[in-house]
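Below you'll find the structure, written out as structure tokens, and then a few comments.
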Amino acid sequence: MKFNKEKHIGRVLFIVEGSQTEFSILRRIFCNLLGYSYIEKRRNRPARFTSTKDRFSQVAVINTRESNIRDISENESYLDDIFNALREQYQFPVDQSAIYYLFDRDPKSNTDSVLIENYIHSLANPYVNDDGYKAGQLLLSYPSIESYIISNFRKETTTLRFQLGKDAKAYIGKIPISKLIKFPKRHC
Numbered sequence: 303m304k305f306n307k308e309k310h311i312g313r314v315l316f317i318v319e320g321s322q323t324e325f326s327i328l329r330r331i332f333c334n335l336l337g338y339s340y341i342e343k344r345r346n347r348p349a350r351f352t353s354t355k356d357r358f359s360q361v362a363v364i365n366t367r368e369s370n371i372r373d374i375s376e377n378e379s380y381l382d383d384i385f386n387a388l389r390e391q392y393q394f395p396v397d398q399s400a401i402y403y404l405f406d407r408d409p410k411s412n413t414d415s416v417l418i419e420n421y422i423h424s425l426a427n428p429y430v431n432d433d434g435y436k437a438g439q440l441l442l443s444y445p446s447i448e449s450y451i452i453s454n455f456r457k458e459t460t461t462l463r464f465q466l467g468k469d470a471k472a473y474i475g476k477i478p479i480s481k482l483i484k485f486p487k488r489h490c
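Anchor point for the sequence shown: position 107 equals 409 in the numbering used here, and the numbering is continuous, going up by one each time.
Right under this line is the structure:
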């Protein structure tokens, strides 16, 4: 794979369910590796601004209020408050950004299949959706992101079986995310 660090991506907003793994991976890729401007706001933590390196490539990562997919539409005021903070405090124009919703789909979490099907159909475009629904594209990770992490450390992953993402997390143990993607550290 070849990275084009000179390619500008514009503004991209990731709305994630996880409070640690997704942030760590996205920060290491977009900030440390590619050198893009990066903003993050984790659930239940103060706002954190990280980097202003490439003003033509800005990435923001935020949480929904809770780690359930229903929060995309059930707690819209929470997301609206975060969007306003991004606009006002960081001059990050949410309405002019590609928006991606990253959620795991474990067998015992995010189980409302009607709601998920609705999101799949209505959250189909990261910029604008035709049915009047909010902008954004839903990206379901199945199995969970933890399976990706395990695959980076275990050669024969086809023999492993986990019922839930939390079981995969327990298997991972204390593998630091910094070992997942190896490249020189930058201060972000």
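Every residue gets a Cβ at the ideal spot worked out from N, C-alpha and C, and that includes glycine.
- Pairing Ile474 with Ile451, the inter-Cα distance amounts to about 8 Å.
- Put simply, the backbone Cα of Ser369 is about 11 Å away from that of Gln322.
- Under DSSP, Gln360 takes part in a beta bridge, and its partners are Arg313 and Ser339.
- Rounded to whole angstroms, Phe316 and Ala362 show a C-alpha spacing of 6 Å.
- Of all C-beta pairs linking the region 383–390 to the region 354–361, fewer than three are shorter than 8 Å, placing the two stretches out of contact.
- The beta carbons of Gly337 and Lys309 sit no closer together than 8 Å.
- The C-alpha of Tyr402 is placed about 21 Å away from the C-alpha of Asn346.
- Per DSSP, reduced to three states, the secondary structure at Ile371 is coil, with no helix or strand assignment.
- Arg350 sits in a strand when the DSSP states are folded into three classes.
- Taken through DSSP and simplified to helix, strand or coil, Gln439 comes out as strand.
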